Structure formats: structure tokens, C-alpha cells
Amino acid sequence: MYKDLKSLTLSQLKTLMTDLKGKSFWAGYLFSFIQAQNVRSIDEITPLPKTFRQQLVATGYGISCLKTIEVLTDPDGTQKFLFERDGGGRFESVVLKDGDRHTACISCQVGCRMGCRFCATGQLQYQGNLSAGEVADQVNQIIAAGVPLHNLVYMGMGEPLDNLDAVLNSIRILNDNQGHNIGQRHITVSTCGIPSGILELAQTGLQVRLALSLHAPSDNLRHEIMPIAQRYPLREVLDAMRQYQRSTKRRVTIEYCMIEGLNDAPAQAKELLACLKGIRAHVNLIEYNDFPNSPFEASSRDSIEGFARILQAGGLETVVRYKRGRTINAACGQLGADRLQPKQD
């Protein structure tokens, strides 16, 4: 297996040039050709001397490239890309359209180890972490397909803080002005709540946004729907969020999936207000999206809007995110649903 140049930041490529006795500025050629021009072979990087290109190959380097299996489009304009990595393993990315602006929801793992009961991806077998190059290449391939991107959210398949090193390197790659130059403030990293990862992200100096998939205002309820909550009590997660906020001075986003009869009662909205006290937060209430064998149903729109009014009256900026991309299983919580088999009666 070759060593993937696509997974290296510009800084890492400069170090590689030093190690291989190449010129430092050659790193810029490598980076821009791989990331901005989406070349698939070292031979295509023609500003590099042929002998050095041959040296890279002989030293075991190559350039990975995701295979696009299919692209589906929902009537609402949402697109879903199904990718396959080298050696197998399929995963999905979604592009959401809002007027002329596009947001890519990208993946960091094939499957997911978190096992959240309201998420189709959590029901799939975990097949491994994506590399930084494979994470960044989702953006390369989407842009190459003619979609201009304005925002990135690490909210696709997988838990970003469970693959933090690759996620951080992919952010540095995608933010670099010799690549796609996507502003850090236009990038959001989502987590189901891993305190050590939240604190590590706070120390990186990156100006990205952080979102917490909360979905319940109490430990008992979180335990019921999110297995990871049994390892990390809500108090520890929220303490980490407060520390993150003290370090970065940035507001955080709270993701809350509205599930009928489970977490949508007015009393639970008041509980949520109490547990978020002292955290500068924006709340996204997400209409639940079902999938094969899902044990839950979506809250009614009246319940969702009533829940939102309670949060807003308590001083929390709150937005309702209604279903998008459902006809192609691209809505929040549906990635991987195409590969789940309904139970036989």
C-alpha cells in the first residue's frame, strides 16, 4: 500500500521535501495539483522534475482517489454522493442547497462506532476511519462535479472526535489558500459528546465551529438512545463545552432530534434550558427521519414548534430544521439507510 500524498498538509509536504532532498517550493506544486486541481497521478504534476516524480513513486508515495459510485438528487435540490474508498468500503456525503449557497455534509468514518438508536449510520457495521485525504477528497470530488461549496459540516457518517487527527488534518488541507481555501468559520465539527476530544479541539487554535448532538436533557434519557452517554455523563460533556467556550470565545450549536413521545415534552424543553445554563448556544431542533427498523417516529410539527417557543422564551436562539433529502435517504440520521434491510414479518 502506497503512502498517500493527499493526506498531507502543505506543512507536512514541506517536511517531506526536506527529507527527500527536494526543493521546499515543490511542496506547493504537489499540494495545489493534488488538492485544487484534483490530479490522480504523480506523473500529472508536471512542474516537478521527472526524476523527482520517479523518486516519489519509488519511495512508496501515491495519490488516493475516491470512486464516485452514484449521485442522487432529491426534488428539494439535496444531492447525495455515494463514494467508495481504495480497497472497498462505501460511505456517503450530502450537499444541501440554500438559494445559491451549498453546504457539504461530509463523513469521517465508514459506519460509526457510537450506535445512536435514532441514526441509520449507527446501525451499520463500523468498517474503519477515513484518512485525512479521504475526508478532503469528498470535497474535491463534489467540487469537480460542478458544485460550488460555501460551508462544510462534519456531520456525515461517523463521529469526528473518534477520528480526530485525520479530521484536523483534513480541515487544515481544506482551509489552505493553495487548495480550496474554505474559511475555518465556515466549517462545523459535530460530536455526540466526547469530552477529551472537545478539549483537544479547543487547544488546536482552529477557528472552526463546534456542534454537540445532545438529543436529551438528562442522563437517563441519553443512556436510552445514545450508548456513548454511558461512558460520558452529561455533566462531563457540558463541562467540556463550557471549557471549550472559555478557551475559544465562540458560541456552540446544540443539535436536538425531535422524537415523538420521547424527548419532545414541554417539561423536557424546560430541562434543556436548565442544563444549557451558562453556555452561549444556538439550538437546532431537527425533525426526526426514520429508516428501516427504526423504533421511533417524528414529533408532530405542533410539538416541535411548541418546544421551540419554550426555548426561545428562555433566551435560547432556536431554529427548526425540517426534513430535506428524504426521498433519497439523505436527511439527517438517514445516511447508510439504503444498506439496512427491513425486518421480515
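For my numbering, count along the sequence shown from 1 and bump the result up by 29.
Just so you know, even glycine gets a beta-carbon here, dropped at the ideal spot from N, CA and C.
Small disclaimer: the values here were computed from a predicted structure and weren't measured.
Residue closest to residue i, alpha-carbon to alpha-carbon, out of the options
| i | options | result |
| --- | --- | --- |
| L153 | M143, L159, R260 and P78 | M143 |
| A56 | H131, Q207, C94 and V68 | Q207 |
| H179 | D194, G212, Q156 and Q167 | G212 |
| A310 | F110, N318, G343 and L291 | G343 |
| G187 | N204, S160 and T132 | S160 |
| N169 | N210, Q156 and G151 | N210 |
| T132 | E229, I71, I223 and T217 | T217 |
| I288 | S329, I308, K299 and F320 | S329 |
| R275 | I227, I98 and A173 | I227 |
| T107 | D127, R114 and I98 | D127 |
| V312 | F325, S332, C286 and A294 | C286 |
| F110 | G185, L340 and Y31 | G185 |
| L241 | G335, A360, I315 and L34 | I315 |
| E300 | A269, I308, G335 and L340 | L340 |
| D293 | R114, L34 and E326 | E326 |
Backbone CA spacing between residue i and residue j [nearest angstrom]
| i | j | result |
| --- | --- | --- |
| S36 | E163 | 7 Å |
| C141 | F112 | 16 Å |
| S225 | Y261 | 10 Å |
| V139 | N249 | 29 Å |
| E284 | G151 | 17 Å |
| Q167 | R264 | 35 Å |
| I202 | G290 | 43 Å |
| I171 | S136 | 13 Å |
| R350 | L305 | 20 Å |
| Y273 | E253 | 26 Å |
| P256 | T88 | 44 Å |
| V182 | I200 | 11 Å |
| S323 | L369 | 10 Å |
| A337 | T347 | 6 Å |
| A366 | F320 | 6 Å |
| E229 | L267 | 15 Å |
| Q41 | Y31 | 17 Å |
| N158 | T44 | 25 Å |
| Q156 | N192 | 13 Å |
| R238 | S219 | 8 Å |
| S332 | I63 | 48 Å |
Collapsed DSSP secondary structure at residue i in the structure displayed
| i | result |
| --- | --- |
| A240 | strand |
| V176 | coil |
| L34 | helix |
| K96 | strand |
| V349 | strand |
| Y261 | coil |
| A65 | helix |
| M287 | strand |
| I216 | strand |
| I315 | strand |
| L302 | helix |
| T102 | strand |
| L297 | In the sequence on display, residue 297 carries Gln and not Leu. Looking at Q297 - three-state DSSP - the assignment turns out to be helix. |
| R309 | coil |
| T282 | strand |
| E163 | helix |
| D129 | coil |
Rounded distance between the beta-carbons of residue j and residue i, thought under 8 Å
| i | j | result |
| --- | --- | --- |
| R214 | Q236 | 6 Å |
| V176 | V123 | With a Cβ gap of about 11 Å, V176 and V123 do not count as contacting. |
| L383 | A195 | Past the edges of the chain, shown from 30 to 374, lies residue 383, and the structure says nothing about it. |
| C145 | C221 | 6 Å |
| Y317 | F147 | 6 Å |
| L190 | T233 | The pair is not a contact, with the Cβ atoms about 12 Å apart (cut-off 8 Å). |
| Y422 | I71 | The chain is shown from 30 up to 374; residue 422 falls before or after that span and cannot be answered. |
At least three beta-carbon pairs within less than 8 Å, the stretch 240-257 to the stretch 97-106: no
Given 8 Å, three or more beta-carbon pairs between the stretch 272-283 and the stretch 351-369: no
Segment contact flag, the stretch 118-125 with the stretch 74-89, C-beta cutoff 8 Å, min 3 pairs: no
The stretch 62-70 contacting the stretch 88-101, beta-carbon criterion three pairs below 8 Å: yes
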